[in-house]
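Number of protein chains: 2
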Amino acid sequence: MAEIVTRKEVAELAGVSEATVSRVFNDVGPMKEQTRLRVLQAAKTLNYHPNAIAQSFARRRSGNLGVVLPYVPKVHIFSTYYFSEVLSGIGEQVKASGYDMLLKFRVPGEESDYSSIFRSQKVDACVILGATDTPSERAELKKLEDGGFPFCLINQHISGERFNEVDADHEGGSYRAVRHLLDLGYRDIAFLSGSPEFSNSGDRLRGYMQAMREAGLLPADAKAPGDLPAHLYYEGNYSRTSGMKAASAMHPHLSRIEAVFASNDRMAIGLMQGLREYGHVPGRDYAIVGYDDSEAARVTDPPLTSVAVPFYEMGRLAAERVLRRIGVGNDGDGASESFRLKLETKLVVRQSCRILR
Amino acid sequence: MAEIVTRKEVAELAGVSEATVSRVFNDVGPMKEQTRLRVLQAAKTLNYHPNAIAQSFARRRSGNLGVVLPYVPKVHIFSTYYFSEVLSGIGEQVKASGYDMLLKFRVPGEESDYSSIFRSQKVDACVILGATDTPSERAELKKLEDGGFPFCLINQHISGERFNEVDADHEGGSYRAVRHLLDLGYRDIAFLSGSPEFSNSGDRLRGYMQAMREAGLLPADAKAPGDLPAHLYYEGNYSRTSGMKAASAMHPHLSRIEAVFASNDRMAIGLMQGLREYGHVPGRDYAIVGYDDSEAARVTDPPLTSVAVPFYEMGRLAAERVLRRIGVGNDGDGASESFRLKLETKLVVRQSCRILR
DNA sequence: TTCAATAATGTACGCGCGTTCATTATCTCA
DNA sequence: TGAGATAATGAACGCGCGTACATTATTGAA
Chain W
75 MAEIVTRKEV
85 AELAGVSEAT
95 VSRVFNDVGP
105 MKEQTRLRVL
115 QAAKTLNYHP
125 NAIAQSFARR
135 RSGNLGVVLP
145 YVPKVHIFST
155 YYFSEVLSGI
165 GEQVKASGYD
175 MLLKFRVPGE
185 ESDYSSIFRS
195 QKVDACVILG
205 ATDTPSERAE
215 LKKLEDGGFP
225 FCLINQHISG
235 ERFNEVDADH
245 EGGSYRAVRH
255 LLDLGYRDIA
265 FLSGSPEFSN
275 SGDRLRGYMQ
285 AMREAGLLPA
295 DAKAPGDLPA
305 HLYYEGNYSR
315 TSGMKAASAM
325 HPHLSRIEAV
335 FASNDRMAIG
345 LMQGLREYGH
355 VPGRDYAIVG
365 YDDSEAARVT
375 DPPLTSVAVP
385 FYEMGRLAAE
395 RVLRRIGVGN
405 DGDGASESFR
415 LKLETKLVVR
425 QSCRILR
Chain F
75 MAEIVTRKEV
85 AELAGVSEAT
95 VSRVFNDVGP
105 MKEQTRLRVL
115 QAAKTLNYHP
125 NAIAQSFARR
135 RSGNLGVVLP
145 YVPKVHIFST
155 YYFSEVLSGI
165 GEQVKASGYD
175 MLLKFRVPGE
185 ESDYSSIFRS
195 QKVDACVILG
205 ATDTPSERAE
215 LKKLEDGGFP
225 FCLINQHISG
235 ERFNEVDADH
245 EGGSYRAVRH
255 LLDLGYRDIA
265 FLSGSPEFSN
275 SGDRLRGYMQ
285 AMREAGLLPA
295 DAKAPGDLPA
305 HLYYEGNYSR
315 TSGMKAASAM
325 HPHLSRIEAV
335 FASNDRMAIG
345 LMQGLREYGH
355 VPGRDYAIVG
365 YDDSEAARVT
375 DPPLTSVAVP
385 FYEMGRLAAE
395 RVLRRIGVGN
405 DGDGASESFR
415 LKLETKLVVR
425 QSCRILR
């Protein structure tokens, strides 16, 4: 291992004090251009690089942004597409802000988990993916909030709280998806929901219901899943397998289903696969719209109409805003206000909803 | 923000010295059970948690494992499946070892990039994904090695060097894939390669060539792509789009191609999609085998025969071994030897290679 | 030239913890 | 009961850096 070069050696070689070396490296206070160059030259000669840990320690700031992912090994509840897009977006911003990303896998169900991320003070703020809108989780988040730990939820909304969030307009996206089906003339449109503990599952439901109500296909006061005909509501957990299972549940009612709005592409794909085994072919026997506009939507047969969500931008924004909130990136103007952003979603029409015969 | 509770406050409340508090928390040296409990009680009362940064600083060890990912925003050269599996494996092990994961996106082409990861001493070791076997990159890695920075490559082999590696037997996997096609009676088998700068692209080529040579379909001295008929060799970059492009290149020669071995599932899918546009249907007009056994292979029509790679385990192992190498997880027995592991791959037969008519 | 203002640099301390070394309490066996 | 051994604890220092404050050099205006 290379011996450690510290500020001290650089100071000696450059013939200045240690403080001056620090000033040069942090660009603090006025200084002679000549000394600056001498210090930089000495640093270069010795191959000096400030020790990040020592800096963090002295600044009392880790320079790390925590990123919390839910993960149960081997169980792919979440689409890898979603994660890698969001992660990349965060990575982009974090790099621009001179921060680092500390990844944390959260074991769902493990209690009192969020605060452990902060209390060792290894991250200054964090971005949370896949939070669920459940009482226990809400309590956890509330505790973080009360502790003054800055965090931001991505793609989830916790109702009744004013947490920092970067969400997407899933209600609107879903509404437009269902409207698309309605406009094509379909009437018997089933809804394949994801796990209800995620807020955006509810968003999709609301979008679906609104479109159906407006079309006069549901009573004006229909709001809950129970308010719609049983043969039109199915529930999965966002995995492809759960989509396949939904196919079995749907099978007996196929004569009364013209189209399906699935809450993500993976379930849509599983559903198509499952229905195909019953001889039911998408784009011929029924129309289908997915959600996420993942790469998979481009390669199904027929290519899947879906709703695009700006995951990358959501990640980037979440990182930017939560960092700004702790005074990073706004030139020492101090912390900023809390925020709740909602980005636009967009219907991407492909070939899975052919016109009614 | 909550006021910071330090060792000092705990020591005072417990009526012991600060050193004793540290001893209790690190379980160092003999101590009275009673004092231990008093300290823990005091810590609990004050809600004390050691400051991780200060610990890192004092221990001169960051407690972070760096994970380097190549990423060009918006360009999906690497399969998200591959990354999320590897990441999860690393995450699992890192958690077990009491370490944290620091994610770094590397901009390919940005020079002198690897050493910057270490020199700030924010990571104690690192795992590198997607390294290429090119002179410049090799030089970079050599520099790391010479600097004594412990790292481990995943899924890549740099020939002629003795870097730490966790690889998979891609040559064997490819050999078995092609043998599978040969055993089914196919003779005119094309090879769709990925970017040649990755070592595992070469591995696949070798496996393919060996099987073809053994079957007497290539001269005994055939080794390079140039040694095989032009209509049997195609090159992409592992993206789906490049697979589609290969379809165009392949189209004029379709009459002389019975089967294709594609270097990953995504290119296989792109190729199938592209060929379908020429009316060429996989499993009917030609056989195809993919690689990676990603989730996508399960949902193509027909389901894609592929080669499974234990990505999760590779990630876990890489983390475990590289951490052990710096003395983590082997109870202070110090650093371990360097290592080069190669895990098994496995052919997964589905329905994309129906028997020849 | 002189003095105040400002630039430029140095001195000194503390961030919270691990750890060495010194010190004191307790035990063991004669 | 005493002495050496060992257990148990405390005192003190340093890890590498940021920075407040003190000090000295330089400038500009009178």
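Chains as they are written, first to last, in this note's numbering: chain W, 75 to 431; chain F, 75 to 431. Glycine is no exception: its CB is placed at the ideal position from the N, C-alpha and C atoms.
Going by CA-CA distance only, name the one from the options that's closest to residue i.
{"i": "W/Asn-229", "options": "W/Asp-207, W/Tyr-249, W/Glu-219, W/Leu-218", "result": "W/Asp-207"}
{"i": "F/Gly-43", "options": "F/Arg-390, F/Ile-343, F/Val-334", "result": "One cannot answer for residue 43 of chain F here, as it falls past the ends of chain F, which runs 75 to 431."}
{"i": "W/Val-434", "options": "W/Lys-178, W/Tyr-145, W/Asp-187, W/Val-141", "result": "Beyond the ends of chain W as shown, which are 75 and 431, falls residue 434 of chain W; an answer cannot be given."}
{"i": "W/Phe-223", "options": "W/Phe-335, W/Cys-200, W/Glu-235", "result": "W/Cys-200"}
{"i": "F/Glu-353", "options": "F/Val-373, F/Arg-340, F/Met-324", "result": "With the sequence shown as reference, residue 353 of chain F is identified as Gly, and Glu is not the correct amino acid for it. Of F/Val-373, F/Arg-340, F/Met-324, the residue nearest in Cα terms is F/Met-324."}
{"i": "F/Cys-427", "options": "F/Glu-418, F/Met-105, F/Met-286, F/Gly-364", "result": "F/Gly-364"}
{"i": "F/Arg-399", "options": "F/Phe-413, F/Met-388, F/Lys-178, F/Gly-310", "result": "F/Phe-413"}
{"i": "F/Tyr-173", "options": "F/Thr-154, F/Leu-139, F/Met-318, F/Glu-211", "result": "F/Leu-139"}
{"i": "F/Glu-288", "options": "F/Val-95, F/Asp-257, F/Asp-277", "result": "F/Asp-257"}
{"i": "F/Lys-217", "options": "F/Ser-190, F/Val-240, F/Asp-241", "result": "F/Ser-190"}
{"i": "F/Gly-403", "options": "F/Gln-129, F/Arg-134, F/Ala-170", "result": "F/Ala-170"}
{"i": "F/Tyr-360", "options": "F/Gly-221, F/Glu-369, F/Leu-349", "result": "F/Leu-349"}
My output table needs one value for residue i: the three-state DSSP class, helix, strand or coil.
{"i": "W/Tyr-145", "result": "coil"}
{"i": "F/Leu-120", "result": "helix"}
{"i": "F/Met-75", "result": "Reliability fails at F/Met-75, whose pLDDT of 47 lies under 50, so the model's placement of it is uncertain and no value is given."}
{"i": "W/Cys-427", "result": "coil"}
{"i": "W/Pro-384", "result": "coil"}
{"i": "W/Phe-416", "result": "As written in the sequence, residue 416 of chain W is Lys, which differs from the Phe given in the question. W/Lys-416: strand per DSSP, three-state reduction."}
{"i": "F/Val-160", "result": "helix"}
{"i": "W/Glu-235", "result": "coil"}
{"i": "F/Phe-335", "result": "strand"}
{"i": "F/Leu-421", "result": "strand"}
{"i": "F/Ala-242", "result": "strand"}
{"i": "W/Thr-379", "result": "strand"}
{"i": "W/Met-105", "result": "coil"}
{"i": "F/Glu-277", "result": "The displayed chain sequence assigns Asp, not Glu, to residue 277 of chain F. If DSSP states are grouped into helix, strand and coil, F/Asp-277 belongs with the helices."}
{"i": "W/Asp-174", "result": "strand"}
{"i": "W/Ala-88", "result": "helix"}
{"i": "F/Asp-452", "result": "Past the edges of chain F, shown from 75 to 431, lies residue 452 of chain F, and the structure says nothing about it."}
{"i": "W/Val-95", "result": "helix"}
{"i": "W/Asp-366", "result": "strand"}
{"i": "F/Tyr-312", "result": "coil"}
{"i": "W/Ala-392", "result": "helix"}
{"i": "W/Ser-153", "result": "coil"}
{"i": "W/Leu-302", "result": "coil"}
Since residue i meets chain W, which of its residues come closer than 9 Å, beta carbon to beta carbon?
{"i": "F/Thr-419", "result": "Near F/Thr-419 there are no residues of chain W at all, since even the closest Cβ is about 18 Å away, more than 9 Å."}
{"i": "F/Ser-130", "result": "Ile-127, Ser-130, Phe-131, Lys-196"}
Name, please, each residue of chain W whose Cβ falls closer than 8 Å to the Cβ of residue i.
{"i": "F/Phe-225", "result": "Neighbours of F/Phe-225 on chain W: none; closest Cβ ~13 Å, over 8 Å."}
{"i": "F/Phe-179", "result": "Ser-162, Gly-165, Glu-166, Lys-169"}
{"i": "F/Tyr-145", "result": "Ser-162, Gly-165"}
{"i": "F/Gln-230", "result": "Neighbours of F/Gln-230 on chain W: none; closest Cβ ~19 Å, over 8 Å."}
Check the DSSP bridge columns for residue i and list the partner residues they point to.
{"i": "F/Cys-200", "result": "F/Gly-140, F/Phe-225"}
{"i": "F/Arg-180", "result": "F/Pro-144"}
{"i": "W/Pro-356", "result": "W/Tyr-360"}
{"i": "W/Tyr-307", "result": "W/Phe-265"}
Contact defined as beta carbons within less than 8 Å: I believe residue i pairs with residue j. What is the distance between those atoms, to the nearest angstrom?
{"i": "F/Leu-176", "j": "F/Val-160", "result": "Contact doesn't hold; Cβ gap of about 15 Å is too wide."}
{"i": "F/Ser-316", "j": "F/Gly-344", "result": "7 Å"}
{"i": "W/Asn-338", "j": "W/Tyr-308", "result": "The Cβ separation is near 13 Å, so there is no contact."}
{"i": "F/Ala-333", "j": "F/Leu-279", "result": "Wrong, their Cβ atoms sit about 16 Å apart, outside the cutoff."}
{"i": "F/Val-423", "j": "F/Thr-374", "result": "Not confirmed; about 14 Å, so no contact."}
{"i": "W/Met-283", "j": "W/Ala-296", "result": "6 Å"}
{"i": "W/Ser-194", "j": "F/Asn-125", "result": "7 Å"}
{"i": "F/Phe-192", "j": "W/Phe-131", "result": "Actually they do not touch by this definition, with Cβ atoms about 19 Å apart."}
{"i": "W/Leu-203", "j": "W/Phe-157", "result": "7 Å"}
Along chain F, in chain order, which residues have C-beta atoms closer than 8 Å to that of residue i?
{"i": "W/Arg-314", "result": "Glu-369, Arg-372, Val-373"}
{"i": "W/Asn-125", "result": "Ser-194, Gln-195"}
{"i": "W/Ile-343", "result": "Val-373"}
{"i": "W/Leu-176", "result": "Asn-138, Asp-174, Met-175, Leu-176, Leu-177"}
{"i": "W/Gln-115", "result": "Residues of chain F passing the Cβ test: none, with the nearest at roughly 18 Å."}
Give the residues of chain F in contact with residue i, contact being defined as C-beta atoms less than 7 Å apart.
{"i": "W/Thr-154", "result": "Thr-154, Tyr-155, Ser-158"}
{"i": "W/Gln-347", "result": "Val-373"}
Would you say the beta carbon of residue i is closer than 8 Å to some non-hydrogen atom of the ligand MN?
{"i": "W/Arg-278", "result": "This structure simply doesn't include the ligand MN, nor any ligand for that matter."}
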